[in-house]
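See below for the structure under consideration.
Numbering (my numbering), first residue to last: 87 to 272.
Structure, rendered in C-alpha coordinates:
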(Lines of atoms letter the chains of each structure in order from A and count residues from 1; the text may use other names and numbers.)
(Lines give C-alpha, C1' and ligand atoms only; values in the text may rest on other atoms or scores of the structure.)
Protein backbone atom coordinates (compact mmCIF):
# COMPACT_ATOMS: atom_id res chain seq x y z
CA UNK A 1 0.00 0.00 0.00
CA UNK A 2 1.29 3.41 -0.96
CA UNK A 3 1.37 5.74 2.03
CA UNK A 4 0.51 9.42 1.86
CA UNK A 5 2.92 12.26 2.55
CA UNK A 6 2.10 14.22 5.68
CA UNK A 7 2.49 17.89 4.85
CA UNK A 8 2.22 20.70 7.37
CA UNK A 9 -1.12 21.73 5.84
CA UNK A 10 -2.58 18.22 6.10
CA UNK A 11 -1.25 17.82 9.66
CA UNK A 12 -2.73 21.17 10.70
CA UNK A 13 -6.14 20.19 9.28
CA UNK A 14 -5.96 16.85 11.15
CA UNK A 15 -5.22 18.78 14.35
CA UNK A 16 -8.15 21.16 13.76
CA UNK A 17 -10.47 18.21 13.04
CA UNK A 18 -9.38 16.20 16.12
CA UNK A 19 -8.61 19.01 18.58
CA UNK A 20 -10.62 22.07 17.54
CA UNK A 21 -9.78 25.69 18.28
CA UNK A 22 -9.06 25.84 22.00
CA UNK A 23 -6.22 25.98 24.53
CA UNK A 24 -4.96 22.56 23.45
CA UNK A 25 -4.55 23.91 19.92
CA UNK A 26 -2.53 26.80 21.37
CA UNK A 27 -0.32 24.30 23.22
CA UNK A 28 0.20 22.27 20.05
CA UNK A 29 1.12 25.38 18.03
CA UNK A 30 3.54 26.45 20.78
CA UNK A 31 5.21 23.03 20.74
CA UNK A 32 5.42 23.14 16.94
CA UNK A 33 7.09 26.55 16.85
CA UNK A 34 9.44 25.65 19.72
CA UNK A 35 10.47 22.43 17.96
CA UNK A 36 11.17 24.42 14.80
CA UNK A 37 13.32 26.90 16.75
CA UNK A 38 15.29 24.13 18.46
CA UNK A 39 15.83 22.39 15.13
CA UNK A 40 17.14 25.62 13.67
CA UNK A 41 19.46 26.14 16.65
CA UNK A 42 20.70 22.53 16.56
CA UNK A 43 21.00 22.48 12.75
CA UNK A 44 18.35 19.81 12.33
CA UNK A 45 15.47 19.59 9.84
CA UNK A 46 13.18 22.47 10.85
CA UNK A 47 10.08 21.26 8.95
CA UNK A 48 10.41 17.69 10.19
CA UNK A 49 10.86 18.71 13.82
CA UNK A 50 7.97 21.17 13.55
CA UNK A 51 5.71 18.52 12.05
CA UNK A 52 6.55 16.18 14.92
CA UNK A 53 5.54 18.89 17.38
CA UNK A 54 2.35 19.61 15.48
CA UNK A 55 1.02 16.03 15.67
CA UNK A 56 2.40 14.99 19.07
CA UNK A 57 -0.91 15.48 20.95
CA UNK A 58 -3.29 14.69 18.09
CA UNK A 59 -5.16 12.15 20.23
CA UNK A 60 -5.28 14.11 23.48
CA UNK A 61 -9.03 14.81 23.40
CA UNK A 62 -9.62 11.05 23.19
CA UNK A 63 -6.90 9.92 25.62
CA UNK A 64 -6.80 12.64 28.30
CA UNK A 65 -8.25 10.14 30.79
CA UNK A 66 -6.30 7.16 29.45
CA UNK A 67 -2.62 8.05 29.67
CA UNK A 68 -1.58 4.53 28.60
CA UNK A 69 -3.19 5.08 25.15
CA UNK A 70 -1.93 8.66 24.70
CA UNK A 71 0.37 8.98 21.68
CA UNK A 72 -0.33 5.41 20.53
CA UNK A 73 -3.80 6.33 19.29
CA UNK A 74 -2.31 9.34 17.48
CA UNK A 75 0.18 7.19 15.60
CA UNK A 76 -2.61 4.70 14.75
CA UNK A 77 -4.55 7.58 13.19
CA UNK A 78 -1.43 8.58 11.25
CA UNK A 79 -0.70 5.08 9.88
CA UNK A 80 -1.87 6.02 6.38
CA UNK A 81 0.93 8.59 6.22
CA UNK A 82 4.57 7.85 5.50
CA UNK A 83 5.97 8.77 8.92
CA UNK A 84 9.58 7.94 9.69
CA UNK A 85 10.07 5.52 12.60
CA UNK A 86 12.03 8.24 14.40
CA UNK A 87 8.99 10.54 14.39
CA UNK A 88 6.71 7.79 15.70
CA UNK A 89 9.25 6.99 18.42
CA UNK A 90 9.46 10.66 19.48
CA UNK A 91 5.67 10.87 19.71
CA UNK A 92 5.62 7.74 21.90
CA UNK A 93 8.57 9.00 23.99
CA UNK A 94 7.16 12.43 24.83
CA UNK A 95 4.77 11.11 27.53
CA UNK A 96 7.41 8.61 28.69
CA UNK A 97 5.99 5.44 27.11
CA UNK A 98 9.34 4.55 25.55
CA UNK A 99 12.83 5.83 26.41
CA UNK A 100 14.24 8.84 24.58
CA UNK A 101 17.15 8.05 22.28
CA UNK A 102 17.44 10.66 19.54
CA UNK A 103 17.76 14.43 19.66
CA UNK A 104 14.22 14.60 18.28
CA UNK A 105 12.98 12.49 21.22
CA UNK A 106 14.75 14.64 23.81
CA UNK A 107 13.57 17.85 22.19
CA UNK A 108 9.88 16.89 22.19
CA UNK A 109 10.16 15.41 25.69
CA UNK A 110 11.63 18.70 26.99
CA UNK A 111 9.58 21.15 24.92
CA UNK A 112 6.15 19.68 25.71
CA UNK A 113 6.08 20.78 29.38
CA UNK A 114 8.21 23.87 28.75
CA UNK A 115 5.53 25.55 26.64
CA UNK A 116 2.92 25.16 29.38
CA UNK A 117 5.42 26.35 31.97
CA UNK A 118 6.18 29.47 29.93
CA UNK A 119 2.46 30.18 29.45
CA UNK A 120 2.04 29.93 33.25
CA UNK A 121 4.94 32.36 33.71
CA UNK A 122 3.30 34.84 31.32
CA UNK A 123 -0.08 34.51 33.02
CA UNK A 124 1.54 35.21 36.38
CA UNK A 125 2.83 38.57 35.13
CA UNK A 126 0.41 41.51 35.55
CA UNK A 127 0.43 42.15 31.77
CA UNK A 128 -0.28 38.48 31.00
CA UNK A 129 2.08 38.80 28.01
CA UNK A 130 4.98 36.62 26.90
CA UNK A 131 6.97 39.76 26.09
CA UNK A 132 6.89 40.77 29.77
CA UNK A 133 8.86 37.77 31.07
CA UNK A 134 12.54 37.00 30.71
CA UNK A 135 14.84 34.07 31.36
CA UNK A 136 15.64 35.15 34.93
CA UNK A 137 11.92 35.29 35.73
CA UNK A 138 11.42 31.80 34.27
CA UNK A 139 14.40 30.36 36.16
CA UNK A 140 13.09 31.76 39.46
CA UNK A 141 9.67 30.17 38.81
CA UNK A 142 11.37 26.91 37.76
CA UNK A 143 12.77 26.57 41.29
CA UNK A 144 9.29 26.93 42.80
CA UNK A 145 8.00 23.35 42.80
CA UNK A 146 4.38 24.38 43.38
CA UNK A 147 4.36 26.83 40.47
CA UNK A 148 2.98 25.17 37.32
CA UNK A 149 3.34 21.86 39.14
CA UNK A 150 2.07 19.92 36.15
CA UNK A 151 5.04 21.04 34.05
CA UNK A 152 7.66 18.39 34.75
CA UNK A 153 10.93 20.00 35.82
CA UNK A 154 12.65 16.69 35.11
CA UNK A 155 11.43 16.68 31.50
CA UNK A 156 12.46 20.31 30.96
CA UNK A 157 15.88 19.70 32.52
CA UNK A 158 16.34 16.82 30.06
CA UNK A 159 17.29 19.55 27.56
CA UNK A 160 20.80 18.76 28.80
CA UNK A 161 20.61 15.73 26.48
CA UNK A 162 20.60 18.28 23.65
CA UNK A 163 23.72 19.89 25.14
CA UNK A 164 21.65 22.90 26.17
CA UNK A 165 21.70 24.56 29.55
CA UNK A 166 18.26 25.15 31.05
CA UNK A 167 18.48 28.93 30.69
CA UNK A 168 19.39 28.69 27.00
CA UNK A 169 16.66 26.11 26.39
CA UNK A 170 13.97 28.20 28.08
CA UNK A 171 15.14 31.30 26.21
CA UNK A 172 14.86 29.49 22.85
CA UNK A 173 11.38 28.14 23.62
CA UNK A 174 10.24 31.55 24.90
CA UNK A 175 11.70 33.30 21.85
CA UNK A 176 9.85 30.91 19.54
CA UNK A 177 6.56 31.41 21.36
CA UNK A 178 6.90 35.19 21.04
CA UNK A 179 6.69 34.78 17.26
CA UNK A 180 3.11 33.46 17.60
CA UNK A 181 2.07 35.39 20.72
CA UNK A 182 -1.01 36.73 18.90
CA UNK A 183 -2.19 33.16 18.13
CA UNK A 184 -1.50 32.19 21.72
CA UNK A 185 -3.37 35.22 23.06
CA UNK A 186 -0.33 36.18 25.09
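Backbone N, C-alpha and C define an ideal beta-carbon position, used for all residues, glycine too.
Quick caveat, the model's predicted, so the values are computed rather than measured.
Under DSSP, residue 90 takes part in a beta bridge, and its partners are 167. About 17 Å separates the Cβ atoms of residue 253 and residue 216, ruling out a contact at the 8 Å cut-off. At the C-beta level, residue 130 and residue 189 come within 9 Å of one another. The residue from 155, 154, 174 with its alpha-carbon nearest to that of residue 141 is 174. Counting only runs of 3 or more residues that sit fully inside the stretch 173-220, no beta strand (DSSP E) segment turns up. In terms of Cβ geometry, residue 194 and residue 206 do not form a close pair [threshold 9 Å].
Within the same chain, Cβ atoms closer than 6 Å to the Cβ of residue 200 are found at 242, 259, the five residues on either side in sequence being excluded.
DSSP places residue 112 in the helix class (H, G or I) of the three-state scheme. Pairing residue 137 with residue 94 gives a Cβ-Cβ distance under 9 Å.
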